[in-house]
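Undergrad: Residue numbers (the working numbering): 158 to 861.
In structure tokens, the structure reads:
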């Protein structure tokens with residue numbers, strides 16, 4: 158509190174004491190309060206510590222008294238990610254020069270999965286009123302606007318009027334009430350006994366870290382930073398050190414304003430609170446200790462590994478199966494006339510290729526997480542360079558299956574590595590397995606989300622075990638053939654069917670290449686995609702030019718491929734926003750969800766991406782078909798689409814609140830489900846319609 162606020166509190170305490178001493182005086186029989194505004198959410202009135210304006214009085218002590226219904230909340234001056242702070246317009250008041258509104262320390266509560274700050278049950282906002290004409294009567298005219306929330310939010314607008322004549326006397330009840338809440342207003346400066354030692358906001362605006370010290374030990378502190386309208390923080394990680402006199406806190410940044418004002422930090426601890434302005438430091442203060450994570454036991458890790466295995470196995474029959482199946486069939490076709498030993502070893506090496514990719518992905522995930530980067534399943538498809546490499550490989554594979562060329566390695570290389578699928582070399586088998594695993598990663602499947610979430614939230618050991626189990630599940634078809642190689646002999650004998658199968662596989666890979674080209678347009682932009690397409694066409698022409706020596710063709714193809722990769726990164730438009738959703742869908746805005754639900758609406762959230770084949774299957778087979786399509790476009794339902802084709806921190810943080818690191822992800826919100834109903838990865842009409850119906854039910858207000 159500033160100097161005037163402290164004097165205001167002292168005056169209130171004195172008034173309350175005087176009132177109790179003279180409780181029998183007749184002048185105190187008239188309560189100094191306005192008429193009330195009342196509804197099921199709240200009852201509001203203006204109250205004054207004085208029954209009237211004393212001779213030569215220059216100020217009055219008053220308050221806005223709110224009594225909130227069971228389960229209802231209202232907001233602090235900085236409401237959090239969603240909310241509106243109370244405001245009062247004093248236009249029409251008489252003999253009022255200035256009104257200072259004081260804010261008692263708030264409490265933290267959660268509504269719709271979002272952190273908010275405010276009050277419940279009862280609150281008084283103390284008012285220090287400076288008079289224009291000392292000693293003259295006063296008329297207070299307050300036009301109040303505030304928001305009350307439970308499972309729904311209701312805006313409140315009402316007018317309160319309080320007239321105070323020339324009179325003496327104290328309203329003991331009002332004076333005590335105003336005084337009690339004035340003492341809850343945070344102190345300012347050194348008087349509080351609390352000081353902020355350091356505060357740091359990381360360059361990516363993902364977290365605020367601060368350290369504060371107190372003359373007396375903290376007991377149960379909380380921290381409420383303020384960094385301008387539009388900046389919201391999540392729940393803090395608070396740790397105490399030095400006998401409780403050091404407070405360290407780290408708060409995730411949920412959203413950030415375009416222009417950041419001075420940082421203001423309010424620290425509460427039981428009955429005391431301090432509100433302090435501070436400058437941002439260049440480095441984050443270290444925590445007083447590291448948290449010991451509760452580590453999963455062997456049994457739990459083994460159970461999640463089984464779930465990961467099932468998720469990897471199911472990936473074999475997901476919408477991304479077409480290109481993977483093409484590669485597997487191609488491997489089987491090439492192995493048709495080879496010996497049992499060669500077939501067994503070839504498919505075992507293909508399985509090793511699957512596992513090698515999964516191990517590489519696990520290693521990269523561990524490294525990226527160690528660097529503080531966002532990690533998730535299939536996120537490599539947000540990288541235009543990765544997409545360019547994949548498109549080039551598929552273009553070459555499909556052209557080869559169509560008979561455009563046959564690559565013959567130079568004799569010096571043939572001694573080290575035989576052609577893919579033949580001879581004694583196994584390089585092609587290994588590459589086949591790895592490539593199949595790569596193409597499977599844009600898909601999600603039942604069990605996969607649980608396993609990946611467990612891995613990404615755990616230790617490096619957890620990541621290694623889960624990704625290994627996932628790879629074994631995905632590689633199981635190869636392992637089965639390796640265990641029973643005689644099954645390949647059941648394929649028909651060579652004939653024209655092999656030519657037609659080769660064309661069919663070529664069409665499948667060409668279709669996959671076309672899909673990757675479309676994804677590349679969304680991720681890198683049209684210029685980047687066209688540059689990769691042109692370079693790929695030149696590469697195929699070079700490989701098809703039979704008059705060139707094999708070495709020259711391979712060198713030219715390698716140079717052209719490298720150029721395509723460079724151009725993909727150079728022309729990438731990945732920094733631009735994601736595409737605007739179709740007209741039937743609203744753009745994802747997390748803060749809009751509780752606002753819509755507060756009006757009784759239902760919100761369906763679809764997190765999707767151009768590279769997510771399961772997402773596309775869900776949309777084509779469920780979301781864009783009746784009766785789901787009709788239900789999503791019904792009055793009172795908002796279909797909200799979050800496009801994760803390109804990296805988006807807001808979407809990543811939203812998914813992390815549900816412990817999800819991959820897509821598809823769908824959730825339904827409504828009055829009956831304010832925290833959201835999470836749907837399975839593979840949607841069905843019944844599951845979506847049931848969630849929409851449940852979310853639309855109006856629940857009894859219980860508070861958030």
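Here a beta-carbon is modelled for each residue, glycine too, at the ideal position from N, C-alpha and C.
Alpha carbon to alpha carbon, what distance is there between residue 423 and residue 673?
TA: Between residue 673 and residue 423, the C-alpha separation is close to 50 Å.
Undergrad: Need the endpoints of the beta strand (DSSP E) that residue 352 sits in, please.
TA: Start and end: 351-358.
Undergrad: Rounded to whole angstroms, what is the Cα-Cα separation between residue 594 and residue 660?
TA: Whole-angstrom Cα-Cα distance: 23 Å.
Undergrad: With DSSP as the reference, label residue 717 as helix, strand or coil.
TA: Correct three-state label for residue 717: helix.
Undergrad: Curious, which full-length beta strand (DSSP E) runs of at least 3 residues does the region 204-290 contain?
TA: Correct list: 216-225, 230-237, 244-246, 255-258, 264-268, 271-277, 279-287.
Undergrad: Along the chain, which unbroken stretches of the beta strand (DSSP E) at least 3 residues long are found entirely within the region 405-469?
TA: Listed in chain order, they are 420-426, 429-435.
Undergrad: Give the straight-line distance between the Cα atoms of residue 546 and residue 768, rounded to the nearest whole angstrom.
TA: Their Cα atoms are separated by approximately 15 Å.
Undergrad: Please classify residue 643 as buried or exposed, where buried requires at least 16 neighbouring CB atoms within 10 angstroms.
TA: Result: exposed.
Undergrad: When the distance is taken between beta carbons, is residue 374 closer than 8 Å to residue 405?
TA: Cβ distance not < 8 Å, so residue 405 and residue 374 don't count as in contact.
Undergrad: Have a look at residue 509 and residue 792 and give me their C-alpha separation to the nearest angstrom.
TA: Roughly 53 Å between the two C-alpha positions.
Undergrad: Which residue spans inside the region 784-849 form an unbroken beta strand (DSSP E) run of at least 3?
TA: Entirely contained in the region 784-849, the beta strand (DSSP E) runs reaching 3 residues are, in chain order, 794-800, 822-827, 830-835.
Undergrad: Here's the rule: buried if 16 or more other CB atoms are within 10 angstroms of the residue's CB, otherwise exposed. What is residue 392?
TA: Per the 10 Å Cβ criterion, exposed.
Undergrad: Residue 578 to residue 717, Cα distance in whole Å?
TA: Any answer about residue 578 is weak, because its pLDDT of 39 lies below 50 and its placement is not dependable; what the coordinates show is given next. Computed Cα separation, rounded: 25 Å.
Undergrad: Which residues mark the beginning and the end of the beta strand (DSSP E) in which residue 395 is found?
TA: Counting along the chain, the beta strand (DSSP E) containing residue 395 begins and ends at 394-398.
Undergrad: Just the C-alpha distance for residue 417 and residue 700, rounded to the nearest angstrom, thanks.
TA: Each residue's Cα considered, the two are about 56 Å apart.
Undergrad: How far does the beta strand (DSSP E) with residue 311 in it extend, from its first residue to its last?
TA: Element bounds for residue 311: 310-321.
Undergrad: Tell me whether the region 356-370 and the region 327-337 touch, counting them as touching only if at least three CB pairs, one residue from each stretch, are closer than 8 Å.
TA: Not touching, per the Cβ criterion.
Undergrad: Select from 281, 215, 351 the residue whose C-alpha is nearest the C-alpha of residue 295.
TA: The residue with the shortest Cα to Cα distance from residue 295 is 215.
Undergrad: So does the region 270-281 actually touch the region 784-804, counting three or more Cβ pairs closer than 8 Å?
TA: Counting Cβ pairs under 8 Å, fewer than three are found: no touch.
Undergrad: So, is residue 207 buried or exposed, given that buried needs 16 or more other C-beta atoms within 10 angstroms?
TA: By the neighbour-count rule (16 or more Cβ atoms within 10 Å), residue 207 is buried.
Undergrad: Kindly give me the distance between the Cβ atoms of residue 273 and residue 266, rounded to whole angstroms, as I take these residues to be in contact under 8 Å.
TA: Residue 273 to residue 266, Cβ: 6 Å. Contact.
Undergrad: Okay, do the region 221-240 and the region 341-356 touch, 3+ Cβ pairs below 8 Å being the bar?
TA: Counting Cβ pairs under 8 Å, fewer than three are found: no touch.
Undergrad: Is it true that the CB of residue 688 sits closer than 8 Å to the CB of residue 724?
TA: It is a contact, given that the beta carbons lie within the stated cut-off.
Undergrad: Between the C-alpha atoms of residue 394 and residue 407, what's the straight-line distance to the nearest angstrom?
TA: C-alpha separation (whole angstroms): 5 Å.
Undergrad: Among 302, 292, 511, which one has its Cα closest to the Cα of residue 242?
TA: Residue 242 has its Cα closest to that of 302, out of 302, 292, 511.
Undergrad: Following the continuous alpha helix (DSSP H) through residue 619, name the residue where it begins and the one where it ends.
TA: Counting along the chain, the alpha helix (DSSP H) containing residue 619 begins and ends at 617-640.
Undergrad: Tell me whether residue 765 sits in a helix, a strand or coil according to DSSP, three-state version.
TA: Three-state result, residue 765: strand.
Undergrad: Please classify residue 213 as buried or exposed, where buried requires at least 16 other C-beta atoms within 10 Å of its C-beta.
TA: That one is exposed.
Undergrad: Start and end of the beta strand (DSSP E) containing residue 367?
TA: 364-371 is the extent of the beta strand (DSSP E) around residue 367.
Undergrad: Can you look up residue 388 in the DSSP assignment and give me helix, strand or coil?
TA: Coil.
Undergrad: Excluding five sequence neighbours on each side, which residues of the same chain lie with their C-beta closer than 8 Å to the C-beta of residue 841?
TA: Only 779 meet the Cβ criterion.
Undergrad: Counting only the same chain and skipping the five closest in sequence on each side, list residues whose C-beta sits under 7 Å from that of residue 608.
TA: These residues qualify, in order along the chain: 461, 464, 465, 468, 623, 627.
Undergrad: Is it buried or exposed, residue 292, if we count other Cβ atoms within 10 angstroms and call 16 or more buried?
TA: It counts as exposed.
Undergrad: Whole angstroms is fine: what's the gap from residue 591's alpha carbon to residue 549's?
TA: Cα-Cα distance, rounded: 16 Å.
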